[in-house]
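Comments concern the structure below.
Residue numbers (the working numbering), protein chains in the order written: chain U, 28 to 252; chain Y, 23 to 611.
Take a look at the structure:
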C-alpha cells in the first residue's frame, strides 16, 4: 500500500491535485470505476453553489407546506355547507404590484453584480427590501379592512385560510428580507464582496419564488373564496 | 503507474477554544452527532419507562402501587393509574420513540457524525444551521416533556393526534398538554427540515474528489434518501400541526365536524373533517416510517459486507431499491386509513401500491443474504445486531403484507396485531440497527472498544426478549384484543381466547428485556471511560473513509487534508493477509 505522497499546498483546491506515483493505490483513475457513472464527485469543500442548491431545497419544502394547506382548502370547501365567500380586499392588488416590481428591482441588483458597481448594488437591494416592506404593509392594510367588516380568522373557513395563507407567506417573505438586510450589511465588510455574490444570486431565487408563490396564492384565494 | 494524488492539502480551520463552543454550542458535526445520540439515549429510556408503566397497568389493573402514586399523584390517585393516564403514557411513549429516538439517532446522530467523514468532507455544508437544527430538536424535547407537568397532564390522543380527540378539550382532557405537544412537533418539524436540507447539500456538494455517486457507501445513500423524505414530509406535518393548533386556539374548524355532541353538549364548530387530518398526518406519517428505517438499512448493508469480508451483493440494485422505497413511500399513506370509511376503490389502489413496496424490500433482503452467502463471517457484536435486524425486518415485514389487504385490516386494524407489526419493523428493527451502529462505530468515536462479552449477552437477551414481547401480540390481535385499552377485565371472548396468560408473558418479557438494556447502557458508559483501547484506527478492517482518520477524528476530520478517493466502497475479500482495499490510501501507508 506504500505510496509516495507529494501533495501540493493550495488554499482552495480548484485544480486537481498533483499526481504522484501510486503504489498499491491501484491502477484506476479516481474518476472512473465505482460504477463509472461519469460523475466526477465533489470538490470536498464549500463552494458558492451550495447556497443556490439550499434555496432550491427550501423551495421544495415550502411548496410542500403550501401544497398541504392548499389541498386542505380544496377538501374543506367540499366537506361543510358553511363555506362563505370572502371578498378579497382591493389593496391586495397594490401589494401584488409592489411584489412584482420588487422582483424586477432585484434583477437590476443582479445586473450590478455583473457590472461590479457596489453602490448601485446596495441601492437596488435596499429598494427591493423597501418594496418588500411595502408589500407587508399593504397585506396588513388588507387584514384591517377585513377586521373592520368583522371578518376574523374563525368567521368562516375561507377567512381562516385567507389569514393563514397571507400570514404564512408574509412570514416567509420576512425571512427573505432578513437575508437582504444581511447581504446589504456584508457589502460593507472588508472581505471581497464578490464572494457574497452566490448569496445574492441565491436570495434572488428565493425572492422570485416568494413572488410566484404569492401570485399562486392570490389566484387560489380569488378562485376558491 | 497511477496519475493520482492521495490527498489534497487544504487550509486548516482552528479548533474553537472553550467548553461551551466545543461541546455545547458546537458547529462540529461530530459533536452534534453525539448530542443527537445522547438525546436519543435519554429519550429511549424515558420511553421504555413509560412502556413499563403501561405493562404494569395492563398486568395488574386494580393493584395499588405506592411509588407510581408518589411519582404521578394526578395520574395514579390511590396508586392505580387512571385510564386517561394510561392513554397519556401511550401518547408520550409513541411520540418520544418515533420522533426523539427513531428519527434523531439514525439520521441526526450517526448521519451527522459519519456522513461528512464518509464522503471526505471536513464538516457539513452549513455547520451553523446544523447546530441550530440540534438545538431546535432539543427545545422540542423540552416542550414535549413539559406536557407531563402542566394542568391536565400529557395529551391522550396518541402519537397520531386524531381529532376530535386532539382538537377538543371537552373530548379529551382540559389543559395545555395537547398544545405543548403540537408546538413540540412543529419545532421538531422545522429542525428536521433544516437538517434534511443540510444533509442533501452536503452529499451533493461536499464529496471529495473521486467520490462519485456510485462510490458512496450505502450508509451515505440511505442518509441522503432519508433527508429527501424528511424535506418533503416534515413540511406537510408542520402545515397540519398549524391547522390543528388553530382549531384548538383560534376557533377555526379545519378538522372538527359540525353536529358533534360531546358529553351531551353540541360542540360549537362546524364543517371540518377529521379525515382531512388523517390524510395530512399520514402523508407525513408513512414516509416517517422510512425515515426511521432507511438509515438502518444502509448501515446493515455496510456491516454485513464488512463482517462477511465480501462486497455488498448488488450494490446498484441496493441503491435503486432505496429510491424505489422513497418514491413508493409517498403514495401509500392511505393504508393507515382503510377503516376511515374511504372508498373501496381508493383502498384497493393504496393496497396494491403498499404491496409493491414488498418488491424493493425483498430485493434488499435478498441482497443481504447474498452478501453474507459464502463469506468469511466474523461474528462480532455489530454483525450479530445486523443479522438480528434482518430477522426482525422480515418478521415485521411479513405482517405488513397481511395488513396491506383492506379486508384483513378491517379486522386487525385496532388490535394488538398492528402493535406487533409496527414495533417489530419500525421500532425494534431500527433499534437493532442503532445497536449495530453504536458497537460498530464506538471505536471510531471513542478510540475504545465496547465490551464484547456484554454486547453479546445484551444481543441474545434483547433478541429473544423482543420476540417474547411482540410475538404473543400477534396472537392477542388474532383473538380480537383491541389496542389502546387500559383494561379489558371481564371481557369474555378475550379471557376465553387466552389473553391473560399472553399478557402475563409479555409483561414478564418486558421486565427482563429492560434489564438487558441497563446492561447495554452500562456497557456504553463503562467502555467509553475504561474500555479496551482499539488496536488501531481500523479495528474492523473496514474500507470506508472514516477508518482512515484518527479515533476519535480530529476537529477537521482529515487533519488538513481532503482525501482523494480511488476505490469503491466495498472492495473486500481479496487474497492474503490484507483482504481489503480502502477507498483512499491511508496517510503514512
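No residue lacks a Cβ here, since even glycine has one placed at the ideal position from N, Cα and C. All of these numbers come straight from a predicted model, not from anything done at the bench.
Chain U residues whose Cβ lies nearer than 9 Å to that of residue i
i: residue 332 of chain Y; result: Within chain U, no residue comes near residue 332 of chain Y; the closest Cβ sits about 17 Å away, beyond 9 Å.
Limits of the unbroken beta strand (DSSP E) element including residue i
i: residue 76 of chain U; result: Careful: residue 76 of chain U lies outside any beta strand (DSSP E), inside the alpha helix (DSSP H) at 76–106.
i: residue 29 of chain Y; result: 29–31
i: residue 317 of chain Y; result: Premise fails: residue 317 of chain Y lies in the alpha helix (DSSP H), 296–330, not in any beta strand (DSSP E).
i: residue 585 of chain Y; result: 583–585
Neighbour list for residue i in chain Y, Cβ cutoff strictly below 8 Å
i: residue 92 of chain U; result: 257, 258, 260, 261
i: residue 95 of chain U; result: 257, 258, 261, 262, 302, 305
Inter-residue Cα distance where the pair is residue i and residue j
i: residue 452 of chain Y; j: residue 153 of chain U; result: 50 Å
i: residue 486 of chain Y; j: residue 500 of chain Y; result: 22 Å
i: residue 79 of chain U; j: residue 228 of chain U; result: 7 Å
i: residue 250 of chain U; j: residue 409 of chain Y; result: 56 Å
i: residue 312 of chain Y; j: residue 73 of chain Y; result: 23 Å
i: residue 169 of chain U; j: residue 174 of chain Y; result: 39 Å
i: residue 41 of chain Y; j: residue 547 of chain Y; result: 21 Å
i: residue 77 of chain Y; j: residue 399 of chain Y; result: 39 Å
i: residue 632 of chain Y; j: residue 35 of chain Y; result: What is shown of chain Y runs 23 to 611, which leaves residue 632 of chain Y out entirely.
i: residue 405 of chain Y; j: residue 458 of chain Y; result: 7 Å
i: residue 200 of chain Y; j: residue 120 of chain Y; result: 17 Å
i: residue 249 of chain Y; j: residue 411 of chain Y; result: 22 Å
i: residue 333 of chain Y; j: residue 594 of chain Y; result: 5 Å
i: residue 114 of chain Y; j: residue 589 of chain Y; result: 46 Å
Chain-ordered chain U contacts of residue i [CB-CB under 8 Å]
i: residue 276 of chain Y; result: 99, 103, 184, 187
i: residue 292 of chain Y; result: 107, 109
i: residue 567 of chain Y; result: By Cβ distance, chain U contributes nothing, its closest Cβ being about 11 Å from residue 567 of chain Y, past 8 Å.
i: residue 223 of chain Y; result: 77, 80, 81, 84
i: residue 215 of chain Y; result: 88
i: residue 320 of chain Y; result: Those within 8 Å of residue 320 of chain Y in chain U number zero; the least Cβ separation is about 17 Å.
Contacts of residue i in chain U (Cβ-Cβ under 7 Å)
i: residue 272 of chain Y; result: 180, 181
i: residue 295 of chain Y; result: 102, 103, 106
i: residue 147 of chain Y; result: 73, 77
Cβ-based burial, residue i [other Cβ within 10 Å; buried from 16]
i: residue 93 of chain Y; result: exposed
i: residue 144 of chain Y; result: buried
i: residue 190 of chain U; result: buried
i: residue 540 of chain Y; result: exposed
i: residue 141 of chain Y; result: buried
i: residue 112 of chain U; result: exposed
i: residue 316 of chain Y; result: buried
i: residue 37 of chain Y; result: exposed
i: residue 349 of chain Y; result: exposed
i: residue 31 of chain U; result: Low local confidence applies: a pLDDT of 37 at residue 31 of chain U is under 50, so the model's placement there is unreliable, with the coordinate-based value given in what follows. Residue 31 of chain U is exposed by the Cβ-count criterion.
i: residue 383 of chain Y; result: buried
i: residue 149 of chain Y; result: buried
i: residue 354 of chain Y; result: buried
Residues that residue i contacts on chain Y, provided the C-beta gap is smaller than 7 Å
i: residue 76 of chain U; result: 227
Beta carbon proximity, residue i to chain U, threshold 8 Å
i: residue 268 of chain Y; result: yes
i: residue 281 of chain Y; result: no
i: residue 219 of chain Y; result: yes
i: residue 265 of chain Y; result: yes
i: residue 543 of chain Y; result: no
i: residue 298 of chain Y; result: yes
Beta carbon proximity, residue i to chain Y, threshold 8 Å
i: residue 164 of chain U; result: no
i: residue 202 of chain U; result: no
i: residue 80 of chain U; result: yes
i: residue 113 of chain U; result: no
i: residue 85 of chain U; result: yes
i: residue 246 of chain U; result: no
Residue range of the unbroken alpha helix (DSSP H) whose run includes residue i
i: residue 607 of chain Y; result: Neither: residue 607 of chain Y is in no alpha helix (DSSP H) and is coded neither H nor E.
i: residue 216 of chain Y; result: 199–227
i: residue 523 of chain Y; result: 521–552
i: residue 568 of chain Y; result: Careful: residue 568 of chain Y lies outside any alpha helix (DSSP H) and carries neither H nor E.
i: residue 73 of chain U; result: First-last for residue 73 of chain U: undefined, no H or E at that position.
i: residue 495 of chain Y; result: 474–500
i: residue 139 of chain U; result: 118–142
i: residue 190 of chain U; result: 184–213
i: residue 225 of chain U; result: 224–251
i: residue 113 of chain Y; result: 105–117
i: residue 366 of chain Y; result: 366–378
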